[in-house]
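Undergrad: What follows is a structure written as structure tokens; I'll ask about it next.
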Amino acid sequence: MSAPAPGGISPAGDLLLTNIGELTTNVAVDGDPCGTVQGAAVLVRGGHVVWAGPSDRVPDAGGGVDVVDAGGRAVIPGFVDSHTHLVFGGDRAAEFAARMAGEPYAAGGIRTTVAATRAASEDELRQRLRAFVGECRSQGTTTLEIKTGYGLDVATETRLARLAAEVTDEVTFLGAHVVAPEFAGRADDYVDLVVGPMLDAVAPHARWVDVFCEAGAFTPAQSRRVLEAGRAKGLGIRVHGNQLGYGAGAALAVAMGAAAVDHCTFLTDDDVIALAGSETVATLLPGVEFSTRQPYPDARRLLAAGVTLALASDCNPGSSFTSSMPLMIALAVREMGMTPAEAVWAATAGGARALRRTDVGVIEPGAKADLVLLDAPSRVHLAYRPGVPLVRRVWKDGLIAGPTG
Numbered sequence: 360m361s362a363p364a365p366g367g368i369s370p371a372g373d374l375l376l377t378n379i380g381e382l383t384t385n386v387a388v389d390g391d392p393c394g395t396v397q398g399a400a401v402l403v404r405g406g407h408v409v410w411a412g413p414s415d416r417v418p419d420a421g422g423g424v425d426v427v428d429a430g431g432r433a434v435i436p437g438f439v440d441s442h443t444h445l446v447f448g449g450d451r452a453a454e455f456a457a458r459m460a461g462e463p464y465a466a467g468g469i470r471t472t473v474a475a476t477r478a479a480s481e482d483e484l485r486q487r488l489r490a491f492v493g494e495c496r497s498q499g500t501t502t503l504e505i506k507t508g509y510g511l512d513v514a515t516e517t518r519l520a521r522l523a524a525e526v527t528d529e530v531t532f533l534g535a536h537v538v539a540p541e542f543a544g545r546a547d548d549y550v551d552l553v554v555g556p557m558l559d560a561v562a563p564h565a566r567w568v569d570v571f572c573e574a575g576a577f578t579p580a581q582s583r584r585v586l587e588a589g590r591a592k593g594l595g596i597r598v599h600g601n602q603l604g605y606g607a608g609a610a611l612a613v614a615m616g617a618a619a620v621d622h623c624t625f626l627t628d629d630d631v632i633a634l635a636g637s638e639t640v641a642t643l644l645p646g647v648e649f650s651t652r653q654p655y656p657d658a659r660r661l662l663a664a665g666v667t668l669a670l671a672s673d674c675n676p677g678s679s680f681t682s683s684m685p686l687m688i689a690l691a692v693r694e695m696g697m698t699p700a701e702a703v704w705a706a707t708a709g710g711a712r713a714l715r716r717t718d719v720g721v722i723e724p725g726a727k728a729d730l731v732l733l734d735a736p737s738r739v740h741l742a743y744r745p746g747v748p749l750v751r752r753v754w755k756d757g758l759i760a761g762p763t764g
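If you read the sequence shown in this note's numbering, its first letter stands for residue 360, the second for the next number, and so on.
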């Protein structure tokens, strides 16, 4: 294959991407949820898609458009990573090494990162966050959700939310990650802080509220309190649940109309039925199982029941320190029984649904021109060639945002 022409960079994000071997639009057609088009082109104006389809039908692009020859390669929507924890200090490499030597994973390790995050300066956190965002972009992720949750006091949680809002519109308040160390043995008092002064300070910077509804974190009653308070402030609802064992997280998420419940490793039949009958997306995070040696979620069981799935990285320093959505796709196919098409859809359109977005995760007129050119003829190669850097070029809003080789 020949390399794509370098092309100029239009300030308006105007682009004609042509000679695409396989285009994944995620606009379902004829039983294909990926809306696959062979021999395709995409026309972008003002940072939005204005046309996508067969190359022999592309409308006249006119002047002022950067023309890029895809050389027969595949193009997919930018990945939508709907679950990350990218603002934090320090790392937990020693904890990881101990876990690989046989120690079990527990939620309490979060407090180690809390101490490092509180000690870090704002500039340190900002520089590190921007480096992580660049890392994500280079691997094809164009939309990111970022959670707070490593401050657990009013000042630090507010700072984390404000920093996250500098790089994404999808900021989630996760003050209810675990109980702050200074509130040990006083979980209800800590929840009072979360739903009161902390929520008041963080809500102006956030779109979502989240809670870790799990043994070792928050009870169902405490979790409901947090979510109801966030909703009263106008925030959308997300839930961490059913990660470490069977619990109430998924049921609570469905009952409260949450956009997503994330992890979903341990689900009862009733949980699956409830999810299938709801608009709550089950976000699967296989990087966690890879890094903690827990059982993987049963994606085939969920898909067979009609549950909408998303894939996300859960990039965090404790249980999944990876920002690679291609790795999530490979793990979903190899370990969770998904087909390559299902996994790519879940990592793009599924993530968009988990964020209740219709302008990303698809390539259709009106959508943001968030595009990924793969150095491969098909999306299947994302699972077929795990660990290989197949993302050749990334466009965000029609402008180059990733590798340019």
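From the three backbone atoms N, C-alpha and C, an ideal C-beta is built for every residue, glycine too.
Kindly indicate which three-state DSSP category valine 386 falls into: helix, strand or coil?
TA: Three-state DSSP puts valine 386 in coil, outside helix and strand.
Undergrad: So which of Arg487, Arg545, Ala560 and Arg715 has the shortest CA-CA distance to arginine 521?
TA: With distances taken between Cα atoms, arginine 521 lies closest to Ala560.
Undergrad: Candidates Asp657, Arg712, Asp482 and Tyr549: which alpha carbon is nearest valine 538's?
TA: Checked all of Asp657, Arg712, Asp482 and Tyr549; the closest Cα to valine 538 is Tyr549.
Undergrad: DSSP puts histidine 442 in a beta bridge; with which residues?
TA: Paired residues: none, contrary to the question.
Undergrad: What residue from Leu603, Val568 and Gln602 has the CA that sits closest to alanine 588's CA?
TA: Of the listed residues, the one whose Cα sits closest to alanine 588 is Val568.
Undergrad: With distance defined between alpha-carbon atoms, name the residue in Leu634, Cys674 and Val631 nearest to glutamate 648.
TA: Cα-wise, what sits closest to glutamate 648 is Cys674.
Undergrad: Would you list, in sequence order, the uninterrupted alpha helix (DSSP H) runs of no fewer than 4 residues that lie entirely inside the region 531–572?
TA: You should have 546–552 and 558–561.
Undergrad: Can you tell me where the alpha helix (DSSP H) holding glutamate 454 begins and where it ends?
TA: First-last of the alpha helix (DSSP H) with glutamate 454: 452–459.
Undergrad: For the beta strand (DSSP E) containing proline 436, list its first residue and its last residue.
TA: Taken as a continuous stretch (DSSP letters only), the beta strand (DSSP E) holding proline 436 covers 433–436.
Undergrad: Helix, strand or coil: which one does DSSP assign to glycine 380?
TA: Strand, per DSSP.
Undergrad: Looking only at its own chain, which residues have a Cβ that is under 8 Å from the Cβ of glycine 367, when we skip the five neighbours before and after it?
TA: For glycine 367, the predicted model reports a pLDDT of 37, less than 50, meaning its position is unreliable and no value from the coordinates is stated.
Undergrad: I'd like to check one pair, glycine 709 with threonine 639: are the Cβ atoms closer than 9 Å?
TA: Their beta carbons are not under 9 Å apart, which means threonine 639 does not touch glycine 709 by this criterion.
Undergrad: Report all residues from its chain with a CB closer than 7 Å to the CB of asparagine 378; omit the five preceding and five following residues, and keep chain order.
TA: Counting only Cβ-Cβ distances below 7 Å, and skipping sequence neighbours, we find Ser414, Asp428, Ala429, Gly430 and Gly431.
Undergrad: Whose C-beta lies closer than 8 Å to the C-beta of alanine 364 among residues of the same chain, with five residues either side of it excluded?
TA: For alanine 364, the predicted structure reports a pLDDT of 33, less than 50, and the residue's modelled location is therefore unreliable. A value from the coordinates is still provided. Correct list, in chain order: Val426, Val427 and Asp428.
Undergrad: Can you name, in chain order, every residue of its own chain whose Cβ lies under 6 Å from the Cβ of serine 369, other than the five neighbours on each side?
TA: For serine 369, the predicted model reports a pLDDT of 45, less than 50, meaning its position is unreliable and no value from the coordinates is stated.
Undergrad: Going by beta carbon distance, what residues of the same chain come within less than 7 Å of cysteine 495, once the five residues before and after it are set aside?
TA: So the list reads Asp440, Leu503 and Ser682, once near-sequence residues are dropped.
Undergrad: Measuring CB to CB, does leucine 670 end up less than 9 Å from alanine 706?
TA: In this structure, alanine 706 lies closer than 9 Å to leucine 670 by Cβ.
Undergrad: On the DSSP letters alone, give me the boundaries of the alpha helix (DSSP H) that valine 666 sits inside.
TA: Here valine 666 belongs to no alpha helix (DSSP H), and DSSP marks it neither H nor E.
Undergrad: In terms of residues, what are the limits of the beta strand (DSSP E) holding aspartate 428?
TA: Where aspartate 428 is concerned, the enclosing beta strand (DSSP E) stretches over 425–428.
Undergrad: Could you tell me the boundaries of the alpha helix (DSSP H) in which threonine 651 lies?
TA: Start and end: 645–651.
Undergrad: Cα-Cα, which of Gly677, Trp754 and Ile722 is closest to arginine 458?
TA: The shortest Cα separation from arginine 458 among Gly677, Trp754 and Ile722 belongs to Gly677.
Undergrad: To the nearest angstrom, report how far apart glycine 544 and tyrosine 509 are at their CA atoms.
TA: Cα to Cα, the separation comes out at about 19 Å.
Undergrad: Taking 9 Å as the threshold (C-beta atoms), are histidine 407 and alanine 728 in contact?
TA: The answer is yes: Cβ separation under 9 Å.
Undergrad: Quick check on the burial criterion: 16 or more other C-beta atoms within 10 angstroms. Buried or exposed for threonine 627?
TA: Counting Cβ neighbours within 10 Å, threonine 627 comes out exposed, since fewer than 16 surround it.
Undergrad: Counting only the same chain and skipping the five closest in sequence on each side, list residues whose C-beta sits under 6 Å from that of leucine 741.
TA: The residues are Pro685 and Ile688.
Undergrad: Return the bridge partner residues of isoleucine 759 from the DSSP annotation.
TA: DSSP, once it has assigned bridges, lists Trp754 as partnering isoleucine 759.
Undergrad: Determine the extent of the alpha helix (DSSP H) in which proline 579 is found, giving its start and end residues.
TA: 579–591 is the span of the alpha helix (DSSP H), which, as asked, contains proline 579.
Undergrad: Go ahead and pull the three-state DSSP assignment for alanine 619.
TA: Residue state, collapsed to three classes: strand.
Undergrad: Which residue spans inside the region 694–741 form an unbroken beta strand (DSSP E) run of at least 3?
TA: Complete beta strand (DSSP E) runs here, min 3: 730–733.
Undergrad: With 16 as the cutoff for other CB atoms within 10 Å, does glutamine 498 come out buried or exposed?
TA: Under this definition glutamine 498 is a buried residue.
Undergrad: Given a cut-off of 9 Å on the beta-carbon distance, is the pair alanine 523 and lysine 506 in contact?
TA: Yes, these two residues count as a Cβ contact at 9 Å.
Undergrad: Which residue wins for smallest C-alpha separation from arginine 769, given the options Cys393, Asp373 and Val417?
TA: No answer is possible for residue 769: the residues shown for the chain start at 360 and end at 764.
Undergrad: Assuming alanine 610 is part of the beta strand (DSSP E), what are its boundary residues?
TA: That residue, alanine 610, is in no beta strand (DSSP E); its alpha helix (DSSP H) goes 608–614.
Undergrad: Exposed or buried, serine 582, counting other C-beta atoms within 10 Å across all chains shown (16 or more means buried)?
TA: Serine 582 should be labelled buried.
Undergrad: Between valine 613 and proline 762, what straight-line distance do the alpha-carbon atoms span, to the nearest angstrom?
TA: C-alpha separation (whole angstroms): 39 Å.
Undergrad: Are the region 719–734 and the region 745–762 touching by the rule of at least three beta carbon pairs closer than 8 Å?
TA: The region 719–734 is in contact with the region 745–762.
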